[in-house]
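Here's the structure we're looking at; comments come further down.
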Amino acid sequence: MKKAPFLGGYAILYLLFLYGPIIILPLFAFNDGRIVAFPLNGFTTRWFTEMFADAQLKKALLNSLTIALSSATLATVLGVFAARATVRYRWPGKPAALGLIMVPLVLPEMIVAMALLVVLLSIGIPLSIFTIILGHVLICMPFAVAILTSAFQSLDRSLEEASLDLGETQWSTFRLIVLPLVMPGILSSFLITFTISIDEFIISNFLGSGQPILSVYIFGQFRFPAKVPSMLALGTLLVLFSICMLAIAEYFRRRGIAKTGGKDTGGFL
Amino acid sequence: MASSQGKEARTGWLLISPPAIYALLLLAAPLATVLIYSVLTGGRGEIGLPFTLSNFAELFQKPIYQSVMLRSLYVSLAVTFVTVVLAYPIAYFVSFHVSPSKKALWLFLITIPFWTSYVIRVALWRTILGYEGIVDSALINIGVINEPLNILSNGMLSMIITLSHAYAPFAVLPIFVSLEKVDRSLLEAGQDLGESRLMTFIRVTLPLTMPGVIAAVLIVFIPTVGDYVTPELIGGGKVPLIANLIESQMLKIRDQAQGSAIAVAAMFVVGMVSLVFVLLNRRFLGGQK
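So the protein sequences, as listed, match chains A and B. The C-terminal residue of the first sequence carries number 847 in this note's numbering, and the numbering is unbroken. The C-terminal residue of the second sequence carries number 290 in this note's numbering, and the numbering is unbroken.
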C-alpha cells in the first residue's frame, strides 16, 4: 500500500465529523446538568432513571416494535419473492416490475407519505398502526430486494439442478437447498429493514393516528429543553442497539458469502 | 424450447406478483391519484370536478411557492455539493490506500452513523449549534470567542450542515464502488507515459469514476429535496422547505388539490434536475469513447 499521510489525516477528520454527534450522546447522557453545554458537571444516571419512568415512552417503544417486526417480516418475505423471480427466472417486463418496486428509493419520502395518505383518506381507511406498517413495508422493500438479490446471486445453480435430478420437487428443492443457503441474506435483510422501520419518521408521523411512536415521540420531546437530557439517554441506548443489530447483520452477510464461496465486496447498500 | 420459456415466464410472473401488486396498489395507484388530484378543483377539505389547471397557475402567481421551491433546491444542491466533495477523498482513500482485508471494516465504520436514529441525529445538531449550545460553550470555555456564535440562528447554514452530515455515507458508497472498478494498470500506464500523479488522477481516474459521482449526486439530491425533519427541528419552522409546504397545504389548509399540485411540481423539478445530471454523465462518457 502506498503511503498517503494527507489522505489518512483527512480520513480521521472525516470520521470525527461523522461520529462527532454520536460521541456527544453518551457524554451528555451521563452529565449531571439539565442544560446541554460545556463544561461537564459530573457523572449521573438520573436521565436514564427519568427515561425508564416515562410511561408514554414505553407505549411508544411497544408500538414501534410491533410496527418494525411486522414491516421487516413482510418486506423480507416480499423481497424473497422479488429476488428469486429476478435472479432465477427470465420473464418479459422484468425491468418495469423491478423499477416500480425500487421507486421509493428515488422518491422524496414526503411524496410517498402524502400520496398514501390521500388515498387512505379518500377510501375511508382509518389511520392506525396498521397504516404505518403498510407504508413501512413499501419503503423497506427496496432495501430487502437489494440485499436478497445479492444473496440469491451468489447461489450456485448446479446445486438446485442436482437436487431436481435426484428427484426432489421444485418446492422441496427451494425449502431444503435454496432457503438454508440464502438464510444469512434473509436474516440481514430482516435486521436492516427492522432498523429502518424503527428510525423512520415521516410515515410514522403522517400515517399514524396519534398513538405514540418512538421516532415521533422523540421528535416531539426535543422541543422541550428540559426533556433533552433524557432523550440523549434514550439516544445512547438506541445507538448501541443499532450498532448491535448492524454487527449481527454484517456477521450473517459475511457468513452467507463464505458459505456460498463468494468474495467479500464490501458493506450494505 | 418455446414451452419451457413460457413456463419460465409464468413462474417468474407468479413469483414477482406479490411484491409487484403491493407496489402497484400502495405506490403506483396513490401517485396516480395525486396526479389526478392536482388537476381537480379543490377547497378547504373538499375536492371535485371540474378539471382545471388553476392549481398549477397558482404556483406561478404566489411568490411563496417559488421562493420555497428555490430555497429547497438551493439547500439540497449545496448539501449535494458539500457531501460529494467531502466524500470523494475518503472513498479514494479506502479504495486506494486501505488494504483489501480492511476495506469492509472501513465501509462499515462509515455507514454506522447512517443507521442511527435520523431524528436524534438531526435534533443533536440543534443542541450542538444552538445559542450557548455545545459549540458556543466549548469555544467560550477555551477562550476562542467571547460572544455566543449562535449558528442555529442562521437557518440555511444550519440546515446545510445537518443534512450534509446526515447524507454523508450515501455519497461515499457509490464513489467507492466506481473507484474499485478502475483498472489499476491504466494508472501505471499513465505514469509510465510521463504524466504526474495529479494529471493521471485528473485525466484517468476522475473521468472513469464520473458515473459513481453522478450516482452519489442523485442519491443525496433526491431525498434532501424532500426532507421534512430538518426544517422543522433546525429551522424551527421559520425556513420551510418544499416538504413542509406540502404538509401545511395538505393537512393544515386541507386543500388536497393544491397540495397535490405542489407535490407534482416538486416531483417534476426533481426529475428534471436528475435528468440533467444523468445527461451530463452520458455526454461525459460519450466523449471518452
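Where is the CB? At the ideal position from N, CA and C, for every residue including glycine. Everything numeric in this text was worked out from a predicted model, so none of it was measured.
Using a Cβ-Cβ cutoff of less than 8 Å, which residues in the same chain neighbour residue 2 of chain B once the five nearest sequence positions on both sides are dropped? Confidence is the limiting factor: at residue 2 of chain B the pLDDT is only 46, short of 50, which leaves the residue's position unreliable and the question unanswerable from this model.
Among A/797, A/767, A/773, which has the Cα closest to the Cα of residue 780 of chain A? A/797
Measure from the C-beta of residue 23 of chain B to each C-beta in chain A and report whether the shortest distance is under 9 Å. yes
Select from B/67, B/177, B/87, B/66 the residue whose C-alpha is nearest the C-alpha of residue 108 of chain B. B/177
Report all residues from its chain with a CB closer than 6 Å to the CB of residue 41 of chain B; omit the five preceding and five following residues, and keep chain order. 48, 258
Taking 8 Å as the limit between beta carbons, can you name the residues of its chain near residue 181 of chain B, skipping five residues before and five after? 96
In three-state DSSP terms, what is residue 133 of chain B? coil
Using the three-state DSSP reduction, which class does residue 201 of chain B fall into: helix, strand or coil? helix
How do the stretch 717–735 of chain A and the stretch 758–771 of chain A stand: do at least 3 beta-carbon pairs fall below 8 Å, yes or no? yes
Taking 9 Å as the CB-CB limit, is residue 669 of chain A close to chain B? yes
Specify whether the stretch 13–33 of chain B and the stretch 707–721 of chain A touch according to this definition: at least 3 beta carbon pairs, one from each stretch, less than 8 Å apart. yes
By the three-class DSSP mapping on this structure, what secondary structure does residue 609 of chain A have? strand
Work out the CA separation of residue 131 of chain B and residue 121 of chain B for me, nearest whole Å. 15 Å
For a test of the three-state rule: what should DSSP assign to residue 689 of chain A, helix, strand or coil? helix
Check whether the Cβ atoms of residue 793 of chain A and residue 808 of chain A lie closer than 9 Å to each other. no
By the criterion of Cβ-Cβ separation under 7 Å, what are the contact partners of residue 777 of chain A in chain B? 118, 119
Quick check on this structure: which residue in B/264, B/112, B/165, B/137 has the alpha carbon closest to the alpha carbon of residue 694 of chain A? B/264
When Cβ atoms are compared, which residues of the stretch 121–139 of chain B fall closer than 8 Å to chain A? 121, 122, 124, 125, 126, 127, 128, 129, 133, 134, 135, 137, 138, 139
Once the 5 residues before and after residue 621 of chain A are set aside, which same chain residues still bring their CB inside 6 Å of it? 608
Roughly how many whole angstroms lie between the Cα atoms of residue 602 of chain A and residue 135 of chain B? 9 Å
Closer than 9 Å, CB to CB, is residue 257 of chain B near chain A or not? yes
If residue 92 of chain B sits next to residue 686 of chain A, beta carbons under 8 Å apart, how far is it from one beta carbon to the other, in whole angstroms? Not confirmed; about 25 Å, so no contact.
Closest Cβ-Cβ distance between residue 644 of chain A and chain B: below 9 Å? no
So with Cβ pairs under 9 Å, would you call residue 852 of chain A a contact of chain B? The requested residue 852 of chain A does not occur in the structure, where chain A is confined to residues 579 to 847.
How far does the alpha helix (DSSP H) with residue 163 of chain B in it extend, from its first residue to its last? 156–167
Assigned secondary structure, residue 786 of chain A (DSSP; H/G/I helix, E/B strand, else coil): coil
Let's test the definition: count the other Cβ atoms within 10 Å of the Cβ of residue 718 of chain A and tell me whether it reaches 16, buried, or not, exposed. buried
With 9 Å as the threshold, decide whether the Cβ of residue 738 of chain A is near any Cβ in chain B. no
DSSP has residue 37 of chain B in a bridge; who is on the other side? The partner list for residue 37 of chain B (beta bridge, DSSP) is empty, contrary to what the question assumes.
Uninterrupted alpha helix (DSSP H) stretches inside the stretch 778–823 of chain A (no shorter than 4 residues): 780–784, 792–799
Quick check: the stretch 188–197 of chain B against the stretch 148–157 of chain B, are there 3 or more CB pairs under 8 Å? no
Just curious, the alpha helix (DSSP H) that residue 248 of chain B is in, first and last residue? 243–248
Using only alpha-carbon positions, find the residue among B/36, B/75, B/63 that is nearest to residue 52 of chain B. B/36
Please confirm whether residue 227 of chain B has its beta-carbon closer than 9 Å to some beta-carbon of chain A. yes
Taking Cβ-Cβ distances below 9 Å as the criterion, which residues of the stretch 7–19 of chain B are in contact with chain A? 9, 10, 11, 12, 13, 14, 15, 16, 17, 18, 19
Kindly indicate which residue of A/631, A/778, A/606 has the alpha-carbon position closest to the one of residue 619 of chain A. A/606
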